[in-house]
Amino acid sequence: MAPMTLKAKRVEMDPPEYVDRRASPRRKTRFKATIVHGEDLATLPCLVVDLSDSGARIRTEHAGSLPAAFYLIWHAERSVIEAEMIWRSGGELGVRFKGKRSLEGKLTAELAAVYRAWGG
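Spelled out as structure tokens, the structure:
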């Protein structure tokens, strides 16, 4: 009896369409920022590469060691953003903004400590 051979049928499939689920449109940026995290308020420089009203894509070294929630110091605006990590891939992470405060004027004790950790 001869061995049976099977021929694989090649099926062409269209790639799935990308669906942008963001609540607001994003734009490319190159803003310098600093991540402040943990009980010891460690700092980590980063670059905001995409920005929307509700979140951002951030590039940084040591992204794998970051907790799910941290503060993002926005250098140019002198503001602090409470951020929640949504995804992480290599040296990049996506964050959702939870709240934003100016670093000018009266600060809560917690935000004053974050500001001092940054060097303000």
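Mapping of the sequence shown onto numbering that gives the first Met the number 0: position 73 corresponds to residue 72, and the numbering continues sequentially without gaps.
Ideal placement from N, C-alpha and C gives every residue a C-beta, glycine not left out.
Nothing here was measured: the structure is a model prediction, and the numbers come from that model.
For the alpha helix (DSSP H) containing residue i, list its first residue and its last residue.
{"i": "Ala112", "result": "108-117"}
Do residue i and residue j have their C-beta atoms within less than 8 Å of each other?
{"i": "Arg100", "j": "Ser78", "result": "yes"}
{"i": "Gly90", "j": "Gly54", "result": "no"}
{"i": "Val47", "j": "Thr33", "result": "no"}
{"i": "Ala116", "j": "Leu50", "result": "no"}
{"i": "Glu76", "j": "Lys97", "result": "no"}
{"i": "Arg95", "j": "Glu83", "result": "yes"}
Following the continuous beta strand (DSSP E) through residue i, name the residue where it begins and the one where it ends.
{"i": "Glu91", "result": "91-101"}
{"i": "Ala55", "result": "54-58"}
{"i": "Ala82", "result": "78-88"}
{"i": "Asp49", "result": "41-50"}
From the DSSP output, read off the bridge partner residues of residue i.
{"i": "Lys105", "result": "Partner(s): none; Lys105 has no beta bridge."}
{"i": "Arg25", "result": "Arg25 is not bridged to any residue."}
{"i": "Leu65", "result": "None; Leu65 has no bridge partner."}
{"i": "Ala32", "result": "Cys45, Trp73"}
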